[in-house]
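To start, the structure under review is shown below, and the notes come after it.
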Amino acid sequence: GRKGSGKSAICLMVGNIMSRDSNNYMLLLKPESEELLEDVQLSELFDNPASKQSCFVAVWKHVIYSRLIQVIAARIAAKPGQSIRSDAEAQLESFIRDNEELVNLNVYGVVREIARRAGASVKADTPEILNALFREYLSPLVKTVQNYFRSINAKYYRVVILADSLDPTWDPEHNLDIQSDLFLTLLTMENKIRNDLQDRKGQEVEVKQV
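In our numbering, the protein residues as written are 14 to 223.
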């Protein structure tokens, strides 16, 4: 829809309706203004389509799971003061404390972090860069969230991902292939997140994306 046609209003309405159900974990993906001003020249980071796809999957996993663990932590913190933390809850809170900077990164912040790790002379599609990101942060993050949902019986819960205003800085006079691929990758994440959060009995957290 065109600007002003009500897309953001619909997103807000959907979020308000779905947040009424306490079984829903609501994640809003919306770039902050300072993030948009610092947009990275994505086209400079990649040599081939396959590595680009792997990188974008890593970016969205980083952002989605980081948002999710923050939403879970907020729910834990809202419990009555004397509530005893389960092992999974304590592990989750400890993970956030130990990884505060990475947990708070947004979409382009993750891309910048990958670029920083790559350095001036190395492309982001160097396998070791993504391997290190998965090894040091993403894999432990996903495992921490998995343990939490397994501890509360995953089949009763739903993760709702709302995305809005992802393209305000796009300039139609320039090549938008990289930006388009980044956001098309987001559309593939629903099944990836659902598969990640399947428990040992095959029960799944429901995942919805708008």
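Idealized CB from N, CA, C, for every residue including glycine. Fair warning: this is a prediction, and the values are worked out from it, not measured in the lab.
Go through its chain and collect everything with a Cβ distance to residue i's Cβ below 7 Å, but skip five positions before and after it.
{"i": "V123", "result": "V72, H75 and V76"}
{"i": "V116", "result": "S79, I82, Q83 and I109"}
{"i": "Q104", "result": "T157 and N160"}
From the DSSP secondary-structure annotation, give me the bridge partner or partners of residue i.
{"i": "E219", "result": "R171"}
{"i": "A176", "result": "L42"}
Starting from residue i, follow the alpha helix (DSSP H) in both directions and report where the run begins and ends.
{"i": "Y161", "result": "S152 to S164"}
{"i": "L195", "result": "D190 to L199"}
{"i": "N208", "result": "M202 to D209"}
{"i": "L105", "result": "D100 to D111"}
{"i": "N29", "result": "K20 to M31"}
If you drop the 5 nearest sequence neighbours on each side, which residues of the same chain put their C-beta closer than 8 Å to that of residue i?
{"i": "M39", "result": "G28, M31, S32, V84, V173 and L175"}
{"i": "E203", "result": "I174, V220, K221 and Q222"}
{"i": "L151", "result": "A71, K74, H75 and Y78"}
{"i": "K214", "result": "none"}
{"i": "S96", "result": "none"}
{"i": "S134", "result": "Since pLDDT at S134 reaches only 45, below the 50 mark, its modelled position is unreliable, and the value read off the structure follows with that caveat. Cβ within range, chain order: n/a, list empty."}
Got a sec? Which residues, its chain only, sit under 6 Å from residue i by beta carbon, not counting five neighbours each side?
{"i": "E219", "result": "R171"}
{"i": "E217", "result": "R207 and Q211"}
{"i": "G14", "result": "K20"}
Please state if the CB of residue j and the CB of residue i are separated by a distance shorter than 8 Å.
{"i": "V155", "j": "D209", "result": "yes"}
{"i": "Y161", "j": "A101", "result": "yes"}
{"i": "I89", "j": "E106", "result": "yes"}
{"i": "D212", "j": "F69", "result": "no"}
{"i": "D177", "j": "K43", "result": "yes"}
{"i": "Y169", "j": "N37", "result": "no"}
For the beta strand (DSSP E) holding residue i, just list the boundary residues, first then last.
{"i": "L42", "result": "N37 to L42"}
Between residue i and residue j, which are expected to be in contact by the criterion C-beta below 8 Å, what is the C-beta distance as a whole number of angstroms?
{"i": "S21", "j": "L143", "result": "About 33 Å separates the two Cβ atoms, so there is no contact after all."}
{"i": "S99", "j": "S18", "result": "Rounded, the Cβ-Cβ distance is 45 Å, inconsistent with contact."}
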